[in-house]
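Below is one structure; the comments refer to it alone.
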Amino acid sequence: MDTITRQDRIALKNLKVADFASEETLCFTATVVALIRKRQYLPNPVARGCTTSLKMRPMHHYLRHLGWTDWDQMIGIRADGQRRVAKIRARGHSTESTHETMCMPLADAGVTVHDVGAFWQTQPFNLDLLTVNGRTLEGNCDLCFLKPRGQRLALIKARPEAAVWWIRMESLNLASKPTGARFRADGPSYADLARFAADQGALFDAADEPIACFCGD
């Protein structure tokens, strides 16, 4: 098992299991806002606290609370997500624990976006999620900064209200450095994307591949 740090001991001591029926359970958006206000900077591709602090570490603390020392994590990465597949296979384990083995059953089985689309075509219901060339753009957090600009722009064009929360968070100007006051410092702000969507239409390809890292990595 990985070395248990002082931080781990504190987390395990203070661990409290809550479910969706618990009055103390916050929606994920509320926990993200609380984390942002505590750390005084926004999650970004370099410091993805929304993934590490609100997903991966709580999961690991809970598993250690159960007495687990090794475990597998199943990830729904497809075979056509080649950059992400290669990155995960090269490392083998998660970025948070060498005792968490990353497994990609869809990639191992050669499943592509077309196979996923064919599966959903046979289902008796439709989730009505925005899809471009078989890619479901609304997966995970709707306007996640890890998604390509074109995908975020297409989502804002389809649902302008989706940009409101992201614009509000960037308008807080919490960090002393500009890089910490924006979800991404290497492109347009979410306010800019909303203006582009309203005034100019598509400036980027909505079918672009996301960057190699992903939520859960």
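Each number in the working numbering corresponds to the 1-based position in the sequence shown with 401 added.
Positions of the beta carbon are idealized from the N, C-alpha and C atoms, including for glycine.
Residue closest to Arg-479, alpha-carbon to alpha-carbon, out of Thr-452, Gly-511, Met-460: Nearest option by C-alpha distance: Gly-511.
Does the stretch 567 to 576 come close enough to the stretch 427 to 443 to have 3 or more Cβ pairs within less than 8 Å? Taking 8 Å as the limit for Cβ pairs, the verdict is that the stretch 427 to 443 does touch the stretch 567 to 576.
Taking 6 Å as the limit between beta carbons, can you name the residues of its chain near Ala-598, skipping five residues before and five after? Within the same chain, Cβ atoms closer than 6 Å to the Cβ of Ala-598 are found at Leu-554, Ile-557, Lys-558, the five residues on either side in sequence being excluded.
Is it right to say Cys-367 is buried, meaning 16 or more other beta carbons lie within 10 angstroms of its own, or is it exposed? No answer is possible for residue 367: the residues shown for the chain start at 402 and end at 618.
May I have the straight-line CA-CA distance separating Ile-405 from His-466, to the nearest angstrom? Since pLDDT at Ile-405 reaches only 47, below the 50 mark, its modelled position is unreliable, and the value read off the structure follows with that caveat. The straight-line gap separating the alpha-carbon atoms of Ile-405 and His-466 is approximately 12 Å.
Once DSSP output is grouped into helix, strand and coil, what is the label at Cys-504? Assignment of Cys-504 by DSSP, reduced to helix, strand and coil, places it in the strand class.
Phe-546: which of Pro-525, Val-486, Asp-587 sits nearest, CA to CA? Here the closest residue by C-alpha is Asp-587.
On the CB-based measure, 16 or more other CB atoms within 10 Å of its CB, does Leu-544 come out buried or exposed? The residue in question, Leu-544, is buried, as its Cβ has 16 or more Cβ neighbours within 10 Å.
Please work out which residues of its chain come closer than 7 Å, Cβ to Cβ, to Arg-490, disregarding the five sequence neighbours upstream and downstream, and give them in chain order. Taken in chain order, the list of residues that qualify is empty.
Mind reading off the beta-carbon distance from Gly-535 to Gly-518? Whole number of angstroms is fine, and I expect it under 8 Å. Indeed, because the Cβ distance is near 4 Å, the residues count as touching under 8 Å.
Please state the DSSP three-state secondary structure of Asp-403. Only weak support is given to the placement of Asp-403: the predicted model assigns it a pLDDT of 47, under 50, and the value that follows is read from those uncertain coordinates. Residue state, collapsed to three classes: coil.
Cβ contact (3+ pairs, closer than 8 Å) linking the stretch 447 to 466 and the stretch 495 to 505: The stretch 447 to 466, when compared against the stretch 495 to 505, does touch it at the 8 Å Cβ threshold.
Taking 7 Å as the cut-off, does the CB of Val-514 come closer than this to any heavy atom belonging to the ligand GDP? No copy of the ligand GDP appears in this structure; indeed no ligand is present at all.
Where the beta strand (DSSP E) containing Asp-473 begins and where it ends: Its beta strand (DSSP E) spans residues 472 to 475.
How should Gln-348 be labelled, buried or exposed, when 16 other C-beta atoms within 10 angstroms of its C-beta is the threshold for buried? With the chain represented from 402 up to 618, any question about residue 348 goes unanswered, as that position is not in the structure.
If you draw a straight line from the alpha carbon of Ala-592 to that of Val-433, how long is it in whole angstroms? So the two alpha carbons sit approximately 19 Å from each other.
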